[in-house]
Amino acid sequence: MEYRPCIDIHNGKVKQIVGASLQDEGDQANENFVSKRDADFFADFYAKDGLKGGHVIMLNKSDSPYYEATRQQALLALHTYPGGMQIGGGITADNAAYFLAEGASHVIVTSYVFSDGKVNYQNLGRLVEAVGKEHIVLDLSARRADDDYFIVTDRWQHFTKEKITTELLDRLSSYCDEFLIHAADVEGKCQGIEEDLVRLLGDWGKIPITYAGGISDYQDITHIKELGDGRINITIGSALDLFGGNLNYETVLKYVQDV
10 MEYRPCIDIH NGKVKQIVGA SLQDEGDQAN ENFVSKRDAD FFADFYAKDG
60 LKGGHVIMLN KSDSPYYEAT RQQALLALHT YPGGMQIGGG ITADNAAYFL
110 AEGASHVIVT SYVFSDGKVN YQNLGRLVEA VGKEHIVLDL SARRADDDYF
160 IVTDRWQHFT KEKITTELLD RLSSYCDEFL IHAADVEGKC QGIEEDLVRL
210 LGDWGKIPIT YAGGISDYQD ITHIKELGDG RINITIGSAL DLFGGNLNYE
260 TVLKYVQDV
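Shown next, in the form of structure tokens:
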């Protein structure tokens, strides 16, 4: 288990939001935390601790009036910690190489590789051709429907027809270096993790996976370790004291190492 830091950017500000509340119309979201500091502050903070594999997420659509401010904040983070962080949000085969050249270690992709609710393997192939699978993280963020988890796209707003199964993970792993999984129903709520999802991911566990969503206390970290058989990395947003939460950053790092 590793701790993977995060920098979420919305409307040009580093924020923590309730994931399921995000709306493109009006660029709205329920906010848990809005930082007065720019993204480079957090990137420098993580760099000093040698934390790698974290993610910078741009939460505005590319046609949003706020997108350019959000992109500039993301670039501040990448330039401050070159090679140390991944970037996601509106990534395509056309712009992926640009963000790698600006300092990202990987690009994180969801919506571009889905169309009509299914995996678009043609676009996925274009992406691999553009930057290589070793630079790709597939964000398979999920929401629950009945007893299953389905991948959601467009900043967690739209359900696809793709259910997260071991067979799907097997197929998609040939196109990427890692998976990032936001449990979108609990993202930003600090009310507990999606246990069944963590267990499913841990049972598979063939390439690095980072789980995000619902972590509320240190016991949740232990629980993810147990359910995920030690194979699942974690990221913490709203619950972390860096973002106004109750979990101490240094304690979290020690806790992850100890468990």
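Sequential numbering of the sequence shown, starting at 10, is according to the numbering used here.
Where a beta carbon is used, it is the ideal one built from N, C-alpha and C, also for glycine.
Please report how far the alpha carbon of residue i lies from the alpha carbon of residue j, in whole angstroms.
i	j	result
I241	L60	16 angstroms
A52	G237	28 angstroms
T89	V161	31 angstroms
N255	Y227	10 angstroms
S44	D33	21 angstroms
Y264	V207	18 angstroms
Looking only at DSSP bridge pairs, what is residue i linked to?
i	result
H144	According to DSSP, which records beta bridges pairwise, H144 is partnered with nothing at all.
Y12	I243
I160	A151
G123	Strictly speaking, residue 123 in this sequence is Phe, with Gly absent from that position. In DSSP, F123 forms a bridge with V128.
Report all residues from its chain with a CB closer than 8 angstroms to the CB of residue i; omit the five preceding and five following residues, and keep chain order.
i	result
Y258	L249, D250, L251
G5	Lying before the first or after the last residue shown, residue 5 is absent from the chain, which here runs from 10 to 268.
K170	G126, K127, F159
T175	L209, D212, W213
What is the DSSP secondary structure of residue i, counted as helix, strand or coil?
i	result
D17	strand
Y220	strand
N39	coil
G134	helix
G97	strand
E196	coil
K263	helix
Leaving out five residues before and five after residue i in sequence, what residues of the same chain have Cβ atoms less than 6 angstroms from its Cβ?
i	result
P14	Y55, L60, G63
V304	The first residue shown for the chain is 10 and the last is 268, placing residue 304 beyond what the model contains.
Y75	N20, G21, D36, N69
G222	H191, A192, V195, E196
E11	N242
Which residues mark the beginning and the end of the alpha helix (DSSP H) in which residue i is found?
i	result
H64	No alpha helix (DSSP H) contains H64, which is instead part of the beta strand (DSSP E) from 63-67.
Q228	227-236
What are the start and end residues of the beta strand (DSSP E) that includes residue i?
i	result
E171	167-172
L249	From DSSP, L249 is part of no beta strand (DSSP E); its letter is neither H nor E.
Taking 7 angstroms as the limit between beta carbons, can you name the residues of its chain near residue i, skipping five residues before and five after?
i	result
E40	K24, I26
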